[in-house]
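The sequence shown begins at 72 in the numbering used here and counts up one residue at a time.
Backbone N, C-alpha and C fix where the C-beta goes; we use that ideal spot for every residue, glycine too.
Bear in mind that the values here come from a model prediction, so they are computed numbers and not experimental data.
This report refers to the structure that appears directly beneath it.
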Amino acid sequence: MAERKELILKIVGKEFEMFQNVKDMYGRASCQDNPKTFKIMRASQFAGWSTEALESYLNDLDEAAVSNRNLLAEKYARMMQSTLPLRYFEIKHLLPELDRETILLVNRIVAIEVEWQKEAMNKYPDIVGRGRPIYSSQDSSTSTSMETYIRGELLTYSRKTLDLYYQNCLRLKSKGINGAVVILLAMVKMHGYGTLEEANEKIRAKSGSGVF
Numbered sequence: 072m073a074e075r076k077e078l079i080l081k082i083v084g085k086e087f088e089m090f091q092n093v094k095d096m097y098g099r100a101s102c103q104d105n106p107k108t109f110k111i112m113r114a115s116q117f118a119g120w121s122t123e124a125l126e127s128y129l130n131d132l133d134e135a136a137v138s139n140r141n142l143l144a145e146k147y148a149r150m151m152q153s154t155l156p157l158r159y160f161e162i163k164h165l166l167p168e169l170d171r172e173t174i175l176l177v178n179r180i181v182a183i184e185v186e187w188q189k190e191a192m193n194k195y196p197d198i199v200g201r202g203r204p205i206y207s208s209q210d211s212s213t214s215t216s217m218e219t220y221i222r223g224e225l226l227t228y229s230r231k232t233l234d235l236y237y238q239n240c241l242r243l244k245s246k247g248i249n250g251a252v253v254i255l256l257a258m259v260k261m262h263g264y265g266t267l268e269e270a271n272e273k274i275r276a277k278s279g280s281g282v283f
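Right, here's the structure in full:
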């Protein structure tokens with residue numbers, strides 16, 4: 072457990088460094104000056120990862136830094152294929168090329184993730200409903216869906232990390248575990264709640280006063 076926690080802390084720290092160098096077309100984003108929220112959101116994302124997948128992704132970040140690549144900038148750029156397609160067309164030549172096998176694997180993972188998101192929305196609508204919309208069909212220039220966000224992130228992973236992450240998803244599915252719920256539980260606990268049910272009820276009662 073301690074090893075996984077240490078890996079997650081290292082990953083989030085390296086991601087935050089990259090995040091500081093992401094250039095938004097509208098200027099610096101307010102979330103770039105909120106390290107606490109960033110660390111909660113990102114650490115919760117890795118709650119269900121295997122140690123092997125965490126180690127592989129940490130290596131991805133290290134190799135990217137050596138190669139002067141910013142994986143977070145690439146993630147947001149990938150998202151623009153759906154949210155800002157004309158702008159994406161102008162910058163896509165700057166991104167690493169993707170092979171067909173990688174794209175197919177990412178699509179398989181995204182399909183699992185979207186199903187998890189739908190199930191989580193049904194169980195905890197007041198938590199999930201405060202976040203991103205689920206489907207890429209709901210994207211706009213000012214709103215990015217979970218489907219598009221997840222795809223954009225997966226497309227920055229090395230093939231080894233993708234394979235390990237896919238196996239992780241299959242392992243969770245085989246145990247009847249919803250990966251999106253694992254993330255949500257980790258997130259609400261970092262915000263001081265004991266359970267998702269408690270968080271969902273409290274958020275419902277606040278009725279618009281903020282996510283947490």
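The DSSP-derived three-state label of Ser127 is helix.
For the 8 Å CB-CB criterion, Met258 and Ser121 do not form a contact. Within the same chain, and ignoring the five residues on either side of Leu129 in sequence, the residues whose Cβ sits closer than 8 Å to its Cβ are Leu78, Lys81, Ile82, Lys85. Taking a C-beta distance under 8 Å as the contact criterion, Ile274 and Ile198 qualify as a contact pair. Taking a C-beta distance under 8 Å as the contact criterion, Glu190 and Asn239 do not qualify as a contact pair. Rounded to the nearest angstrom, the gap between the Cα atoms of Asn271 and Lys194 is 9 Å.
When rounded, the separation of the alpha-carbon atoms in Gln103 and Val253 is 25 Å. For Ser115, the secondary structure class from DSSP, reduced to helix, strand or coil, is helix. Comparing alpha-carbon positions, the option among Thr213, Glu145, Ser216 lying closest to His164 turns out to be Glu145.
Straight through space, the alpha carbons of Glu184 and Ser138 are spaced by roughly 30 Å. Thr232 sits close to Ala124, with the two beta carbons spaced by under 8 Å.
Scanning Ile180, Asn105, Glu88 for the CA closest to the CA of Met217 turns up Ile180. With respect to Leu176, Arg149 sits apart: the two C-beta atoms are not nearer than 8 Å.
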